[in-house]
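For reference, the structure is listed below as structure tokens.
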Amino acid sequence: MPQTKLLLTLLTSLTLSAELALPPLAAAQTTQQTTAFTITGTVVERDGSPLYGVIVRAGNAKTMTNAGGHFTLTLATRPEGGRQALTLSAVGKKTQQVTFVEGHPLRVVLEDAVGEIKEVVVRARPNINALDLRARSGVVAQVDMKLLAQKPMIDLSLALQGAVPGLTVVNRGELGMKPEIRIRGNNSFTKGDAANEPLYVLDGKIISPQAFMTLNPLDIREIKVLKDAVATALYGVKAANGVLEISSRRGVSGPMSISLSTQAGVTLRGRQTTTMMDTDEKLELERRMQVTTAPGYLFSPDFISSATLSDLRQSYQSTLGIAPTWTREEYLAYGSRQLDSLRQIHTNWWHDLIRPNSYQSHNLSLRGGSQDVTYYVSGNFSRQGGQLEGNDTKRFTLTNSLDWQSRLGFVSLGLTGGYAKTNSPNSSDFSPQQLVYELNPYETKSSQQLFSYPGRKYSDLTGQFRRWTKEVRFGASLSANLRPFEGLQLDAVLGLDYVLNESEQITPATAYSEVTRRRPIERGMISVGKNTDFNYSANLRATYQRLFAEKHDFSISANTDYYYSEGRLLSVTGHGIGLQEYLAGVNKGLTSADLRPDFSGSNATSAQLGFGLATGYTYDKKLDLFAAYKADASSLLPRDKRWNTAWALGGGLHLEELLPFLRGGSLLTGLGLKASWGLTASLGGITSASAVPIFSYQQSSFYADQYRLVRLSTLYNDRLKPEQLKSVDLGLSVQLAHAHTLDVNLYRRDTEDALIMTDIPASNGFLSMLDNVGSLRNEGVELSASSRLLSGEDWRLSLRAALAYNRSKVLDLYGKTAIYSGDNVYPDYEVGRSYDYVYGLDALGVNPLSGELMFRDRQGAEQSFGKTIVRDDLVGIGYRTPPYTGTFGLTFGYKALELDAQFYYVFGGFKAYSMTYVRGVSDVNKNAIAGQVSRTWFALGDEDRLYPNPRAGTQTFNNLSHYPNTRMISRSDYLRLSMLSLRYRLSSSLLHHMGDVVKYATIALQGSNLFTLTPYKGGSPESGTYDLGVQPVLTLHLNLNF
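Using the working numbering, the first residue of the sequence shown is number 26, and each one after it goes up by one.
Structure, rendered in structure tokens:
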């Protein structure tokens, strides 16, 4: 797409701007002489889109084109005849010599520098699978790196939300937690990342999702999203779920250029996920619930007037710890004073516990080199504070690349490293975030007694747990791109990716849970984990390309690759550490099952060997054909099922070149069609123990007191087959007047032999087994459009938008109509239904006479929520995963000022309201959702109520919590301002007056996820839970080039 070329040039040419400062004397003459000679012009791509960052030289004077491709260069004296020779150069473009004639502004078209040996940049290509013939008929989308770099976010994964149609990123809550990333939805019945996450490739080497998450966006030249079978075929079965292909920035020949980027700002609380009760409503709810452990009823005249004095004393004794021998009038007076006192307190726990924090990111990079050797070195430090006290993330990254050019080609070395640490106050069963929804509005941090947590103070609820995780990452790649003779290209890449993840969780001996539940010698818990992921990948490719008769471009490519992965896990948990909060402090004398030291570990390895062949043909830049076949063998499968294949066929037509009446036109400047068809086997979700027997040691069982017993890790399935993904893709691209583009893709992907863990009889010794159970379909449409409305020298305006629709459907369940897990009465999957369809009860509302919540079954009969729910009671409600996602945005510029804005939207999904904070008689001592009083049935005649009689029975509330219903579900649509950037480029004259130390400078106000609008009231519209959602970040950014 034209805009992606512009942005790539922008990113790579910024570091060249160190050459742009005029010599001091020339600059002075330029500003002082009124008879200066001014040169103006515009530089564009072949398709007419403007080129940013092109270096324009006239002798010793230099300048650079702006975002509209325009440049102005002022010389101190008028050249003879009013003619001046100019040199124009840009990264990845052919250097061009032109002559400017006075009074005739230039328009220069720069061509791609394909194959040029004397280009400014040594164009090494570590991503050796990134072949041109692949992109001609496959769906390869590029991330706009300019917009991505303007998002102040510490996690690269989250920053990708909305970057490309069909790429979905879902936040999972806490800062530092890995998000869910999918390309065109889920492909397997097996849910989770292992079966559905894309492949990550950095400079030709395979990396882990954790390593990708910590990459520095400023070190990335481009990210390609490979979606269809043609685009992913060269990677084989590893790429069944798509590929994120990342290319690092490389060095340039010339003097060393130094770039400094620094930004600092604040993180905001974000959207309040729900509104909780204020004091008056909460006290009223307690009174209506008639529970004596809550002050709204305990101190009310209702209770004091109706209870006996003995009951009053007993209630006050059990709740307040006092047993007064008062008269009823004294109880009434005391209760009135207490209620009046409580009504003066209006604590907003959201504002008290959810806090703004700080954000900072600093990046320093150096690049340069000679004609033969170039280098790039970059270091980054970033920190983002979380919304809860004790939650933050720090990251350091280091990147180094070295490229060497010889007569035969290029050799490249890349090194990456990183360190990250995340602190969290959240345990597996409790988070301080819960206090936002549980502490009452009439309670404070200084309250000596909490009704929400009887017997505790606020200090007993905080500092009860802490966890940290550390991640150390190292990666290396060595690649060669050789051209031994004309037409033959030999490429090879070796890559290593190593991630060490360590974690520590501590419950201090002083924690309330330890003090009240444990003996002194048992207090304090520590759990330490160590996890290593090692990935080794090697790829050797030979490509031969030949042009016949100036029209027939033929290429053939063969490769062999090898991939090895190893994961090791070790964890230790112990108790009784006391004040010695380290592993050596564990009390090894504790022998009870819940307190004795626990050790666990695992070691899993897998390997893949593959051979591939690909061929492409282009006729006169009008017709493109592509075919690829790859066979991969995996160690995860038995010998007879080890080899699996991926193949793809694709073609493309350039109708603007093919049809004579379109050729050379000024209106319809581009019209292309693409189609692809392919099949890929998928090993996602298959582990080393799924298809072959894997044994593990028993922890406490021995034979004859000396031999350790072993057992199967899981029940393996020797009939297991890899999933088979068949895909068809059609694409259309249109360009008008070199300024307006539209891309449309339609796709269908069917997964056969889809895998899921199925229930089996317990007599097998196991409860489940991985099995091939059916087939499902993923299909959709992706649209993206851009329009450059203004591209003048001063005024610039461009618009962009994208929309993706994805629908999944279960096609077959191999003899069954539905699959149920355990005792569930709603199906996990049902033939003809969506992959994640929501089932629930057709609620009719609350009966105003009885207070019972009623629903309509499939036969149309009215039933009570208090009954035992059976399958025929449930109806389909809607899609849990929103089928529609998209973006829209604009770029507006005036002279040196530029504004970028990007919105992300989601619609079409449904999520049930959580009943967690709708209170009943058993937990009314904790705060509740605002409005519950007016929406709950309390007495005969209460009409139009949402919640039933609080004393309706346990079965009613269990069903209400367990099954969604049509009155307690909502659309989970939302609109988010995902990125906002206002940038100003300092003028060269100002930098000259500052001593020409800084050659290029911008200052910007940048923000990410600044607000989210949604009709969903049940928490986060992304997760359907009461997590905190993404943090808004607002920063001041300074970028300097020296």
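From the three backbone atoms N, C-alpha and C, an ideal C-beta is built for every residue, glycine too.
It should be emphasised that the depicted structure is a prediction, and the values quoted were computed from it without experimental measurement.
In this structure, does DSSP put residue i in helix, strand or coil?
i, result
"G675", "strand"
"M170", "helix"
"A700", "strand"
"T541", "helix"
"H1", "A query on residue 1 cannot be resolved here, the shown segment of the chain reaching from 26 to 1067 and no further."
"F791", "coil"
"F573", "strand"
"D428", "strand"
"I546", "helix"
"F913", "strand"
"Y341", "helix"
"H1017", "helix"
"G865", "strand"
"P326", "helix"
"T776", "strand"
"M238", "helix"
"L157", "Before going on, a small fix: residue 157 reads as Asp here, not Leu. Three-state result, D157: helix."
"L648", "strand"
"W374", "helix"
"K143", "In this prediction, K143 scores a pLDDT of 33, lower than 50, which makes its location untrustworthy; no coordinate-derived value is stated."
"R207", "strand"
Have a look at residue i and residue j and give me their C-alpha separation to the nearest angstrom.
i, j, result
"L808", "T906", "19 Å"
"T40", "P242", "The pLDDT assigned to T40 is 35, lower than 50, so where the model puts this residue is not dependable; a value taken from the coordinates is nonetheless given after this. C-alpha separation (whole angstroms): 15 Å."
"A120", "Q396", "The sequence as given places Thr at residue 120; Ala does not occur at that position. Distance between the alpha carbons of T120 and Q396: 15 Å."
"T424", "G393", "15 Å"
"W962", "D784", "41 Å"
"P1057", "N382", "10 Å"
"L595", "S752", "40 Å"
"Q57", "Y919", "Its pLDDT being 39, under 50, Q57 is placed unreliably by the model, and nothing is read from it."
"G1032", "L704", "42 Å"
"Y77", "L678", "29 Å"
"F890", "F880", "7 Å"
"T350", "Y341", "11 Å"
"N564", "L158", "18 Å"
"V759", "G870", "52 Å"
"L608", "V553", "8 Å"
"S331", "A536", "40 Å"
Who are residue i's beta bridge partners in DSSP?
i, result
"H987", "DSSP lists no partner for H987."
"T124", "A110"
"Q980", "Q980 is not bridged to any residue."
"S272", "E247"
"N803", "R774, S833"
"Q888", "F880"
"F579", "R571, Y642"
Thinking C-beta only, is residue j closer than 8 Å to residue i?
i, j, result
"S995", "K1042", "yes"
"N212", "N803", "yes"
"L693", "L761", "yes"
"Q288", "S386", "yes"
"A826", "F720", "no"
"R479", "T304", "First, the residue type needs correcting, since residue 479 is Pro and not Arg in the sequence shown. Cβ distance not < 8 Å, so P479 and T304 don't count as in contact."
"W493", "N451", "no"
"N1068", "G709", "Only positions 26 to 1067 of the chain appear in the structure, and residue 1068 is not among them; the question remains open."
"S691", "E748", "no"
"T298", "G945", "no"
Assuming residue i contacts residue j (C-beta within less than 8 Å), just tell me the rounded distance between them.
i, j, result
"G549", "G601", "6 Å"
"V81", "L98", "6 Å"
"K263", "L224", "5 Å"
"R566", "S582", "6 Å"
"D898", "L866", "6 Å"
"G676", "A700", "6 Å"
"V497", "Y444", "6 Å"
"K203", "Q235", "7 Å"
"K171", "M1004", "Contact flag wrong, Cβ pair sits at about 11 Å."
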